[in-house]
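>
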Amino acid sequence: MKLKEVDRTAMQAWSPAQNHPIYLATGTSAQQLDATFSTNASLEIFELDLSDPSLDMKSCATFSSSHRYHKLIWGPYKMDSKGDVSGVLIAGGENGNIILYDPSKIIAGDKEVVIAQNDKHTGPVRALDVNIFQTNLVASGANESEIYIWDLNNFATPMTPGAKTQ
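Residues in the sequence shown are numbered consecutively from 6, following the working numbering.
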């Protein structure tokens, strides 16, 4: 049974379980074209409202981006001054970059939504995962067995768990 739908050529990520309302973030997919052959890229956040009988999800915010993504995750790491968890959107880009976005700023319509960015990977970032025990730690993977562990408290210097395989 279909509850809601979003018609986008995009990677998607659900907001953390602690968030209310529930959001779905979408980022334009790398190496894909939509039906209009558009080359524009964006990051969009939708609100899941199950009390609304329509199939369409309500778009809360759109941020025009210069990046397209292979992977998008929404980690529960960041807390605001009131102690509310807004999380951090972590995007793996097609040019080897990892971009951290502040979803609360995207929803608020701010222009400065990038928390940090790093292009340490030599190829497209195809895998991302947040450590469930230490949510400030994120693993990323790219081509050629390139794996990094990132501490969101010190994003400039990732750890390498071992040498690349040949």
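Glycine included, each C-beta is placed from N, C-alpha and C at the ideal position.
Could you spell out the range, first to last residue, of the alpha helix (DSSP H) harbouring Ala113?
Pro108 to Ala113
> I think Gly101 touches Pro129, with their Cβ atoms under 8 Å apart; what is that distance to the nearest whole Å?
7 Å
> Between the Cα of Ser47 and the Cα atoms of Asn123, Gly98 and Asp124, which residue gives the shortest distance?
Gly98
> In the DSSP output, what is Glu10 paired with across the bridge?
Asp61
> Taking the alpha-carbon of Arg73 as reference, which of Tyr106, Val143, Asp107 and Asn45 has the nearest alpha-carbon?
Asn45
> Asp156 lies in the beta strand (DSSP E); which residues open and close that run?
Unbroken beta strand (DSSP E) run through Asp156: Glu151 to Asp156.
> What separation, rounded to the nearest whole angstrom, lies between the Cα atoms of Ser91 and Ser150?
32 Å
> Which word fits Ala96, buried or exposed, when buried means at least 16 other C-beta atoms lie within 10 angstroms of its C-beta?
buried
> Given a cut-off of 8 Å, decide if Ala161 and Ser145 are closer than it, judged by their beta-carbon atoms.
no
> Nearest by alpha-carbon distance to Thr165: which of Ile154, Thr127 and Lys110 is it?
Ile154
> Exposed or buried, Leu55, counting other C-beta atoms within 10 Å across all chains shown (16 or more means buried)?
exposed
> Excluding the 5 residues preceding and the 5 following Asn148 in the sequence, name in chain order all residues of the same chain whose CB lies nearer than 7 Å to its CB.
Gly128 and Pro129
> How many angstroms separate the CA atom of Ile137 from the CA atom of Lys116?
Taking the straight line from one Cα to the other gives about 30 Å.
> Given this structure, state the Cα-to-Cα distance separating Ala30 from Phe51, to the nearest angstrom.
6 Å
> Per DSSP, which residues does Ser20 bridge with? Please list them.
Per DSSP, none; premise fails for Ser20.
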